[in-house]
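K.L.:
Numbering (the working numbering), first residue to last: 7 to 486.
Below you'll find the structure I mean.
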Ligand code: MG
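Laid out in structure tokens, this is it:
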């Protein structure tokens, strides 16, 4: 056999082998319903991604994901703090409907006895019921007692810290400081595998890397079947931690390092999807649970040009960076239409052919027309709840603030981001609501209430009708 024949034969064998492998893979995966991955970061602000305008945080994987997919610029959470925000995302319903928000305790704590009620149907429950493989990784914060854990809400596996990474302080008087780096032992938070604690305190220094490895392992394990992976990073919620490999890599300091490790994580996930050849038919959604925590200054991120932060009802608390990626179906570009995390439940049901339960109220709308570039969604409003009350509402381009209040955990307003109107902790009830055109004025600087009384009345009626229709339920956050 001459060299040329050898090369040809080799090439043929290689091609044939490749074909066989492809054929097997095709054969193994007979169910072509799309896979779903939701990557949900904690307290990452609207401005904390390169492609959303951060000048010094480098996020090449997220930027590329947005270029290949869609960057959403008016994407909102269900609440500007953790527990109710996660409730809204996973159930498609305002947290007030399941008792998962409170005017007192705003989130669940390690001494809480409540959690997401069994009567709620999560995205995972809906998909598991129709044959999807399901995994939750990362922060849960919907109840840490057995009846509330991911295993009780449709997830066949769980690996993560069940609540915020700054809870379970060993010394309650031990205050977080900006200089803190490596003291993970100061927070006695558990790391769980399914319903068992496997490490305590969780070594948070490598938690982003370990969550990522778990997500990649699940992609490989599930790749022959439709799957749903919910990856809720514990970072960049304070106290910040990052792996050795990401120390001092970012021009944006410690916070930048943390975001750049998350960006690396996104890259690892997309790479695994490609290696398993399921990238074309996987919808990946990247977003954050609420805005930046301004109290912690340089460790707290930024909402970019938006006013406000975590815990409040100005845009910076609720509007978050969002990127959708689905190579086979998505129409690439920038989506400026309003959407919320609560829209994911009906959207995912639509694209997977899963019936949306018809025995309850949903606050989400199908986003498929926007994702595929075939039309609009029905959403034309956003409600901004603080605890159990609607503080503000947006309809079309106008947003009315009926009540304003200082942000989460702040004792004094930030001198730059909060004008003096918020310099107090008690709520301010506005007889004439503040009104902003957030399309023209996304920073909510110029009150135009005097010019548009009819708009205020329209929004007021919408809120009153909504509030009248909410059925009171047991408050889960107040149970101890
Ligand atoms: Mg959060």
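Backbone N, C-alpha and C define an ideal beta-carbon position, used for all residues, glycine too.
Exposed or buried, which one is residue 262 when buried takes at least 16 other CB atoms within 10 Å?
P.N.:
With a 10 Å radius around the Cβ and a threshold of 16 neighbouring Cβ atoms, residue 262 comes out buried.
K.L.:
Is it the case that the CB of residue 287 approaches a heavy atom of ligand 1 more closely than 6 Å?
P.N.:
no
K.L.:
My assumption, with CB atoms under 8 Å, is that residue 290 sits in contact with residue 331. Please give the rounded CB distance.
P.N.:
4 Å
K.L.:
Quick check: the Cα distance between residue 74 and residue 166, rounded to an integer number of angstroms?
P.N.:
30 Å
K.L.:
What are the start and end residues of each continuous beta strand (DSSP E) run of 3 or more residues lying completely inside the stretch 307-354, in chain order?
P.N.:
328-331, 339-341
K.L.:
Report all residues for which the CB-ligand distance to some heavy atom of ligand 1 is below 7 Å; order them along the chain.
P.N.:
48, 49, 87, 88, 91, 243, 295, 296, 316
K.L.:
Does residue 202 come out as helix, strand or coil in the three-state DSSP assignment?
P.N.:
Three-state DSSP puts residue 202 in a strand.
K.L.:
Measuring only the C-alpha atoms, how far is residue 5 from residue 321?
P.N.:
Only positions 7 to 486 of the chain appear in the structure, and residue 5 is not among them; the question remains open.
K.L.:
Taking the C-alpha atoms as reference points, what is the distance between residue 470 and residue 147?
P.N.:
Annotation: residue 470 to residue 147 spans about 30 Å, alpha carbon to alpha carbon.
K.L.:
Compute the Euclidean distance between the alpha carbons of residue 256 and residue 64, then round it to the nearest angstrom.
P.N.:
For residue 256 and residue 64, the gap between their C-alpha atoms comes out near 7 Å.
K.L.:
Specify the secondary structure class of residue 48 as computed by DSSP and reduced to three states.
P.N.:
coil
K.L.:
Taking the alpha helix (DSSP H) that residue 163 falls in, what are its first and last residues?
P.N.:
Residue 163 -> not in any alpha helix (DSSP H); beta strand (DSSP E) instead, spanning 163-166.
K.L.:
Can you grab the Cα-Cα spacing for the pair residue 421 / residue 447, in whole Å?
P.N.:
Legend: pLDDT at residue 421 = 40, less than 50; position of this residue unreliable, value from coordinates given subsequently. The straight-line gap separating the alpha-carbon atoms of residue 421 and residue 447 is approximately 20 Å.
K.L.:
In three-state DSSP terms, what is residue 212?
P.N.:
helix
K.L.:
Out of 178, 461, 124, 169, which has the shortest C-alpha to C-alpha gap to residue 158?
P.N.:
124
K.L.:
Mind the definition here: the stretch 199-213 touches the stretch 49-69 only if three or more C-beta pairs lie below 8 Å; say whether that holds.
P.N.:
Counting Cβ pairs under 8 Å, fewer than three are found: no touch.
K.L.:
Please report the straight-line C-alpha distance between residue 355 and residue 362, rounded to a whole angstrom.
P.N.:
6 Å
K.L.:
Which of helix, strand or coil does DSSP assign to residue 436?
P.N.:
strand
K.L.:
Spell out whether any CB of chain D is found under 7 Å from the CB atom of residue 134.
P.N.:
The structure shown has no chain D; it contains just one protein chain.
K.L.:
Which value, in whole angstroms, describes the spacing of the CA atoms of residue 108 and residue 36?
P.N.:
Rounded to whole angstroms, residue 108 to residue 36 spans 45 Å at the Cα level.
K.L.:
Where in the stretch 68-104 do unbroken runs of the alpha helix (DSSP H), each at least 4 residues long, occur, reported from the N-terminal end onward?
P.N.:
88-97
K.L.:
Run through the DSSP bridge pairs and tell me what residue 492 is partnered with.
P.N.:
Residue coverage of the chain in this structure runs from 7 to 486, which leaves residue 492 outside it and unanswerable.
K.L.:
Would you call residue 479 buried or exposed, if buried means 16 or more other Cβ atoms sit within 10 Å of its Cβ?
P.N.:
exposed
K.L.:
What residues in its chain sit with their C-beta under 6 Å from that of residue 209, if we drop five residues either side in the sequence?
P.N.:
190
K.L.:
With a 10 Å radius around its C-beta and 16 neighbouring C-beta atoms as the bar for buried, classify residue 220 as buried or exposed.
P.N.:
When all chains shown are included, residue 220 counts as buried.
K.L.:
Going by DSSP, what residues sit across from residue 388 in a beta bridge?
P.N.:
Per DSSP, the beta bridge partners of residue 388 are 400.
K.L.:
Cutting at 8 Å between CB atoms, please list the residues of its own chain near residue 106, excluding the five before and the five after it.
P.N.:
Within the same chain, residue 106 has close Cβ partners 89, 90, 93, 122, 148, 482, 483.
K.L.:
Which of the three DSSP states, helix, strand or coil, is assigned to residue 271?
P.N.:
DSSP places residue 271 in helix when its eight states are reduced to three.
K.L.:
So, do the stretch 385-393 and the stretch 128-140 have three or more beta carbon pairs nearer to each other than 8 Å?
P.N.:
no
K.L.:
For a test of the three-state rule: what should DSSP assign to residue 140, helix, strand or coil?
P.N.:
It is a strand residue.
K.L.:
Compute the beta-carbon to beta-carbon distance between residue 170 and residue 317, rounded to the nearest angstrom, for a pair I have assumed lies under 8 Å.
P.N.:
The Cβ separation is near 13 Å, so there is no contact.
K.L.:
Report yes if the C-beta distance between residue 347 and residue 84 is below 7 Å; otherwise report no.
P.N.:
Going by beta carbons, residue 347 and residue 84 fall inside the 7 Å limit.
K.L.:
Reducing DSSP to helix, strand and coil, say where residue 421 ends up.
P.N.:
Note that residue 421 has pLDDT 40, beneath the 50 cutoff, so the model's placement of it is unreliable and the number below is only indicative. It is coil, neither helix nor strand.
K.L.:
Rounded to whole angstroms, what's the CA-CA distance from residue 68 to residue 436? Just pull it up for me.
P.N.:
Approximately 40 Å between the Cα atoms of the pair.
K.L.:
Rounded to the nearest angstrom, what separates residue 407 and residue 319 at their Cα positions?
P.N.:
8 Å
K.L.:
Using DSSP bridges, identify the partner residues of residue 175.
P.N.:
193
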